[in-house]
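Numbering (this note's numbering), first residue to last: 1193 to 1241.
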């Protein structure tokens, strides 16, 4: 998924969408209902290594 970061409101909306997308993917991957921000960060770090 390509993400183009922009300034201002568009960037904020894009980051929010990306966070939600990431949560959705992690939730599906882990088959859990609630994924907190800490888990998202840990998984992102693992994926980006």
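Ideal Cβ positions, reconstructed from N, Cα and C, are used throughout, including at glycine.
Note that this is a predicted model, so its numbers are computed, not measured.
According to the DSSP assignment, residue 1241 belongs to no alpha helix (DSSP H), since it is labelled neither H nor E. Our two residues, residue 1218 and residue 1204, have alpha carbons roughly 21 Å apart in a direct line. CA-to-CA, the gap between residue 1201 and residue 1209 works out to about 12 Å.
Within the same chain, Cβ atoms closer than 8 Å to the Cβ of residue 1236 are found at 1214, the five residues on either side in sequence being excluded.
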